[in-house]
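> Below: one structure in structure tokens.
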Amino acid sequence: MVVGHDAGAPVASWAALVRPDIFRSVTILSSPFEGAPSLPFNIANGAVPPPRAPTDDELDAELAKLTPPRKYYQNYQRTPGANENMLHAPQGLHDFFRAYYHFKSADYKGNKPHPLKARTAEEMAQIPTYYVMERNKGMAETVAPMMPSAAEIAANKWLTEAEVEVYATEYGRTGFTGALQGYRVRRGSNPKSLAELLTFSGRTIDVPSMFIAGKSDWGVYQTPGAVEKMQTSACTHMVGFHLLDGAGHWVQQEQPEQVSNLLVEFLRSQA
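Be aware that the sequence shown starts at 673, since it is given in this note's numbering, and climbs by one per residue.
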């Protein structure tokens with residue numbers, strides 16, 4: 673089995689789609705897999721191509737018109753200044769990571785995700801600012817007000833202060849650029865990337881698959897329609913879809929026992 677969380681979810685999904693002979697089952701965590709892109713069909717005979725979703729740049733242009741103006745976090749992560757903003761966060765790296773992890777977890781009670789109707793600025797503006805940011809703020813400024821209290825930190829069993837310090841120390845040593853490159857190359861509208869993915873148009877994930885996410889994770893719904901595509905067309909043999917209580921975006925950290933049990937049960941069922 674191949675298992676991927678967040679940015680690892682499409683890696684695991686594509687691995688299972690392209691090489692089912694090697695990856696005989698797949699578990700997708702937190703980020704739904706929409707499937708291979710579709711080739712326009714029969715357009716030479718007058719068929720109308722299916723409408724495409726707006727690109728991140730087009731979405732950003734519409735988000736900028738809102739009050740207050742907003743921006744899509746993936747476009748922010750691609751900017752040259754993103755590394756400096758987070759690496760030299762005014763609150764320090766330790767507090768930056770603590771607030772960031774808190775903000776996207778089930779501990780932050782403002783996380784009440786639900787399906788969105790479409791990938792429009794008005795719909796996307798319902799998502800908290802760690803995904804649809806205020807236009808004049810970097811990520812450091814975005815998460816600073818969400819710093820948990822000393823009592824909340826002391827009560828946190830899934831992310832200790834020592835563990836936060838590992839993140840702060842390592843990113844302080846390496847910077848964020850290596851991680852941010854993933855956002856810079858992973859653009860759905862990039863012609864070279866799209867041409868490569870279109871090679872697999874019409875292919876599906878046919879090995880047994882499972883999806884796990886936190887019930888408080890907006891990542892499940894940040895791409896409207898992705899969950900439905902994953903369940904109805906991208907995966908032809910999805911044997912489990914689980915949204916776990918008491919977990920946000922860090923489902924394997926917030927609820928490790930539940931995730932581990934689901935993985936073991938899935939593997940046993942495929943033995």
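The beta-carbon is built from N, C-alpha and C at its ideal position, and this holds for glycine as well. If you're wondering where the values come from, they're calculated on a predicted model, not measured in any experiment.
What is the DSSP secondary structure of Leu-711, reduced to helix, strand or coil?
The answer is coil: DSSP assigns Leu-711 none of H, G, I, E or B.
> Could you compute how far the alpha carbon of Ile-884 sits from the alpha carbon of Trp-890?
If I take the Cα positions, the gap works out to 13 Å.
> Ignore the nearest five residues each way along the sequence and tell me which others in Ser-873's own chain have a CB closer than 8 Å to its CB.
Within the same chain, Ser-873 has close Cβ partners Ala-708, Pro-709, Ser-710 and Leu-711.
> Would you be able to state if there are at least three C-beta pairs under 8 Å between the region 847-857 and the region 743-761?
Because the criterion of three Cβ pairs below 8 Å is met, the region 743-761 and the region 847-857 touch.
> Are Leu-788 and Pro-896 close, meaning C-beta to C-beta below 8 Å?
Going by C-beta atoms, Leu-788 is nearer than 8 Å to Pro-896.
> For the alpha helix (DSSP H) that contains Thr-849, what are its first and last residues?
Here the alpha helix (DSSP H) through Thr-849 covers 849-857.
> In its own chain, which residues sit with a C-beta less than 6 Å from the C-beta of Met-796, not counting the 5 before and 5 after it?
The answer, listed in chain order, is Val-804.
> Keeping to the same chain, check which residues put their C-beta closer than 7 Å to that of His-909; ignore five residues upstream and five downstream.
Correct list, in chain order: Asp-878, Val-879, Pro-880 and Ser-881.
> Between Asn-755 and Ala-812, what straight-line distance do the alpha-carbon atoms span, to the nearest angstrom?
In a straight line, the C-alpha of Asn-755 is about 10 Å away from that of Ala-812.
> Measure from the alpha carbon of His-914 to the alpha carbon of each residue in Ala-898, Thr-904, Val-931 and Ala-771, then state which is nearest.
For His-914, the nearest C-alpha among the options comes from Val-931.
> Alpha carbon to alpha carbon, how far is Ala-827 from Ser-821?
Roughly 10 Å between the two C-alpha positions.
> By alpha-carbon positions, which one of Asp-767, Tyr-745 and Gly-844 ends up nearest to Gly-810?
Looking at the Cα atoms, Tyr-745 is the closest of the given residues.
> Do Ser-685 and Phe-705 count as a contact pair if the criterion is CB distance below 8 Å?
Contact flag set, yes.
> Compute the beta-carbon to beta-carbon distance between Ile-700 and Gly-676, rounded to the nearest angstrom, for a pair I have assumed lies under 8 Å.
Rounded, the Cβ-Cβ distance is 6 Å, consistent with contact.
> From Ile-825 to Tyr-773, what does the alpha carbon distance come to, in whole angstroms?
Going from the Cα of Ile-825 to the Cα of Tyr-773 covers about 11 Å.
> Give the DSSP-derived three-state secondary structure of Thr-699 in the structure shown.
The answer is strand: DSSP assigns Thr-699 an E or B state.
> In the DSSP assignment, the alpha helix (DSSP H) including Ile-825 goes from what residue to what residue?
From DSSP, the alpha helix (DSSP H) with Ile-825 extends over 822-827.
> Relative to the C-alpha of Pro-785, which residue among Glu-929, Leu-689, Ala-943 and His-921 is closest?
Nearest of Glu-929, Leu-689, Ala-943 and His-921 to Pro-785, Cα basis: His-921.
> Can you tell me whether Gly-753 is buried or exposed, with buried defined as 16 or more other CB within 10 angstroms of its CB?
By the neighbour-count rule (16 or more Cβ atoms within 10 Å), Gly-753 is not buried but exposed.
> Taking a contact to mean a Cβ-Cβ separation below 8 Å, would you say Gly-918 touches Gln-927 in this structure?
For Gly-918 and Gln-927, yes; Cβs fall inside 8 Å.
> On the criterion of 16 or more Cβ atoms from any shown chain inside 10 Å, does Ala-898 qualify as buried, or is it exposed?
Classification for Ala-898: buried.
> Rounded to the nearest angstrom, how far is the Cβ of Val-698 from that of Val-674, given a contact under 8 Å?
Going by Cβ atoms, the distance from Val-698 to Val-674 rounds to 5 Å, so yes, they are a contact pair.
> Whole-angstrom Cβ separation of Met-819 and Ala-778, contact assumed at under 8 Å?
Actually they do not touch by this definition, with Cβ atoms about 17 Å apart.
> State the DSSP-derived secondary structure class of Tyr-893, mapped to helix, strand or coil.
Tyr-893: coil per DSSP, three-state reduction.
> Please classify Glu-937: does DSSP put it in a helix, a strand, or coil?
Helix, per DSSP.
> The alpha helix (DSSP H) spanning Met-796 covers which residue range?
Its alpha helix (DSSP H) spans residues 793-796.
> My output table needs one value for Arg-875: the three-state DSSP class, helix, strand or coil.
In the structure shown, Arg-875 sits in coil (DSSP, three-state: anything other than H, G, I, E or B).
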